[in-house]
Amino acid sequence: MPSIRPLADITHRAVEALTSPLPTTATEVSTASNIEHITTESKAFDSLTSFPIKVGATTTKTATTQAPTNTPSFLVGTQTGQGTFDSTGLGACGIVNHDSDHVVAVSRFLFDAFPGYNGINPSTNPVCGKQISVSYQGKSVIVTVADYCEGCALTDLDLSPAAFEILADLSVGHIDGITWHWMD
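The sequence shown begins at 6 in the working numbering and counts up one residue at a time.
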């Protein structure tokens with residue numbers, strides 16, 4: 006029987022894994038412009054079951070040929086994930102939102118690992134108020150981070166009903182393959 010780890014230990018390990026440098030492989034180098042295209046990928050396994058879990062997504066970024074930085078993969082390039090929606094209200098960022106607002110809850114993993122967050126008061130997290138451009142099947146919406154989503158994988162987004170409805174009908178419930186990037 007596997008030993009049971011305290012939740013704090015599991016959360017600490019997940020945050021540590023998300024903020025560690027990612028392995029990189031060069032996929033194309035252009036000597037004329039000295040630019041290389043680097044693809045980074047993050048994979049992890051559930052510490053209790055040893056089953057693979059989704060804690061990352063493939064991110065493509067363009068960088069100079071300098072050594073990779075310790076920037077978390079979710080901060081650069083275009084992300085791909087699942088889009089869901091939920092009713093709004095008082096979010097972790099400390100603001101009461103309404104279903105008609107264009108707001109989003111990012112994954113708890115992303116929220117907790119966001120650079121500059123001390124893990125004490127969620128309303129002081131630097132991710133709060135950041136804007137994200139979300140696209141799906143040729144439609145786009147700009148949303149503001151207002152909360153975190155417990156059940157979301159690293160690059161999934163839980164949108165307000167009004168924001169979700171710009172991308173797809175509410176009756177579909179969730180949409181696979183949304184893409185998104187930070188506005189600033």
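All residues carry an ideal CB built from backbone N, CA and C; glycine is no exception. These numbers were taken from a predicted model, which means no experiment stands behind them.
> CB H107 to CB A168, shorter than 7 Å?
Replying inline: yes
> Just reading off the alpha helix (DSSP H) that I171 is part of, what are its end residues?
Replying inline: 166-172
> DSSP on L175, reduced to helix/strand/coil?
Replying inline: helix
>> Assuming A110 is part of the alpha helix (DSSP H), what are its boundary residues?
In response: That residue, A110, is in no alpha helix (DSSP H); its beta strand (DSSP E) goes 108-112.
>> Contact defined as beta carbons within less than 8 Å: I believe V150 pairs with V139. What is the distance between those atoms, to the nearest angstrom?
In response: Actually they are not in contact, since the Cβ atoms of V150 and V139 sit about 11 Å apart, beyond 8 Å.
> What is the DSSP secondary structure of A118, counted as helix, strand or coil?
Replying inline: helix
>> Rounding to the nearest angstrom, what Cα-Cα distance links D189 and S128 in this structure?
In response: 19 Å
> Rounded to whole angstroms, how far is the Cβ of V132 from the Cβ of F119, which I believe are closer than 8 Å?
Replying inline: 4 Å
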